[in-house]
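Asker: One structure is given below, represented as structure tokens, and several questions about it will come after.
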Amino acid sequence: MSYTEPQSTDPRTEPPGTVHRVETKSTAALLSEALNHVSGLVRKEVDLARAEMSRAVSRAAMGIALLVGAVILSLTALNVLAAAFVAWLAETGIGAGWSALIVGGVILVIAAILVKVGINRVKAVTNAPKRSAESIRRDAAAVKGAIND
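Note that the sequence shown ends on residue 211 in the numbering used here; no numbers are left out.
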């Protein structure tokens with residue numbers, strides 16, 4: 063068994079005229095690498111769009127829940143207002159009828175507020191994937207620019 067000393071890679075210690083091999087990638091390897099980057103980018107954009115849509119669905123669900131709450135409160139308000147009107151007609155004084163009317167009015171105001179907030183939340187969902195679409199446009203422009211260079 064003999065021991066061989068490892069070869070030095072320092073150019074100052076190599077004999078003159080030594081040729082170093084520079085590794086260059088073939089066109090196919092560069093194209094494959096570019097396609098891998100593009101497919102990774104597309105996967106990330108799809109993930110972003112999926113996350114944005116998930117957020118939009120949850121916001122829409124909250125808006126729908128508020129609208130359902132408003133409908134329930136509106137029905138309750140209509141029942142109370144109807145009872146108040148009946149009580150008011152039965153009594154000509156300021157008794158239980160007026161108090162039921164006040165309660166019904168307050169419930170109706172709360173329902174109106176819930177409807178407004180719910181509708182605003184549902185409207186906010188209509189433009190949900192704007193960031194993804196803009197990001198995809200920028201990426202497509204970057205890829206076109208890289209191909210044209």
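Heads up, the beta-carbon is just placed ideally off N, CA and C, and yes, glycines get one too. The structure displayed is predicted, hence computed values, not measured ones.
For LEU135, is the classification buried or exposed, using 16 other Cβ atoms within 10 angstroms of its Cβ as the cut-off for buried?
Answerer: Your numbering for residue 135 matches position 73 in the sequence shown. So LEU135 counts as buried.
Asker: What residue does the alpha helix (DSSP H) around SER161 start on, and which one ends it?
Answerer: As a working mapping, residue 161 is identified with position 99 in the sequence shown. Taken as a continuous stretch (DSSP letters only), the alpha helix (DSSP H) holding SER161 covers 158 to 187.
Asker: How big is the Cα-Cα spacing for GLY166 and SER120?
Answerer: Position 104 of the sequence shown, counted from the start, is the residue given in the question as residue 166. Position 58 of the sequence shown, counted from the start, is the residue given in the question as residue 120. Distance between the alpha carbons of GLY166 and SER120 is about 31 Å.
Asker: Determine the direct distance from the alpha carbon of ALA118 to that of LYS178, and round the result to whole angstroms.
Answerer: Residue mapping note: residue 178 aligns to position 116 of the sequence shown, counting from 1. Residue mapping note: residue 118 aligns to position 56 of the sequence shown, counting from 1. Each residue's Cα considered, the two are about 18 Å apart.
Asker: By Cβ distance below 6 Å, which residues in the same chain neighbour LEU170 in space, the five residues on each side in sequence not counted?
Answerer: Residue 170 sits at position 108 when you count from the first residue of the sequence shown. These residues qualify, in order along the chain: ALA139.
Asker: Less than 8 Å between the beta carbons of ALA174 and GLY159, yes or no?
Answerer: Start at 1 with the first residue of the sequence shown, and residue 174 comes out as number 112. Start at 1 with the first residue of the sequence shown, and residue 159 comes out as number 97. Not in contact: ALA174 and GLY159 (Cβ atoms no closer than 8 Å).
Asker: Ignore the nearest five residues each way along the sequence and tell me which others in ALA122's own chain have a CB closer than 8 Å to its CB.
Answerer: Residue 122 sits at position 60 when you count from the first residue of the sequence shown. Same-chain partners within the cutoff: ARG183, VAL184 and VAL187.
Asker: Where does LEU128 land, buried or exposed, given buried means 16+ other C-beta within 10 angstroms?
Answerer: For the purposes of this step, residue 128 is taken as residue 66 along the sequence shown, with counting starting at 1. LEU128 comes out buried.
Asker: CA-CA distance, MET124 and ARG199?
Answerer: Numbered from its first residue, the sequence shown carries residue 124 at position 62. Numbered from its first residue, the sequence shown carries residue 199 at position 137. When rounded, the distance between both Cα atoms is 30 Å.
Asker: Let me check understanding here. Comparing Cα to Cα, which of GLY131, ALA132, GLU114 and ASP201 lies closest to LEU103?
Answerer: Walking along the sequence shown from the start, residue 103 turns up at place 41. Closest by alpha carbon: ASP201.
Asker: Residues in the same chain with beta-carbon distance under 7 Å from VAL205, minus the five sequence neighbours each way, listed in chain order, please.
Answerer: What you label residue 205 is simply residue 143 of the sequence shown in a count that begins at 1. Only VAL100 meet the Cβ criterion.
Asker: Residues in its own chain within less than 6 Å of GLY131 by CB, not counting five upstream and five downstream?
Answerer: Here the question's residue 131 lines up with position 69 in the sequence shown. Counting only Cβ-Cβ distances below 6 Å, and skipping sequence neighbours, we find LEU176.
Asker: Compute the Euclidean distance between the alpha carbons of ILE172 and LEU97, then round it to the nearest angstrom.
Answerer: Indexing the sequence shown from 1 puts residue 172 at position 110. Indexing the sequence shown from 1 puts residue 97 at position 35. Going by the C-alpha atoms only, they are around 56 Å apart.
Asker: From this set, ALA203, SER194 and ASN210, which residue's C-alpha is nearest ALA113's C-alpha?
Answerer: Here residue 113 is taken as the residue at index 51 of the sequence shown, counted from 1. Selected option, being the one with the closest Cα: SER194.
Asker: Below 8 Å between beta carbons: does that hold for ALA146 and LEU163?
Answerer: Stepping through the sequence shown from its first residue, residue 146 is reached at position 84. Stepping through the sequence shown from its first residue, residue 163 is reached at position 101. Yes, the Cβ-Cβ distance between ALA146 and LEU163 is below 8 Å.
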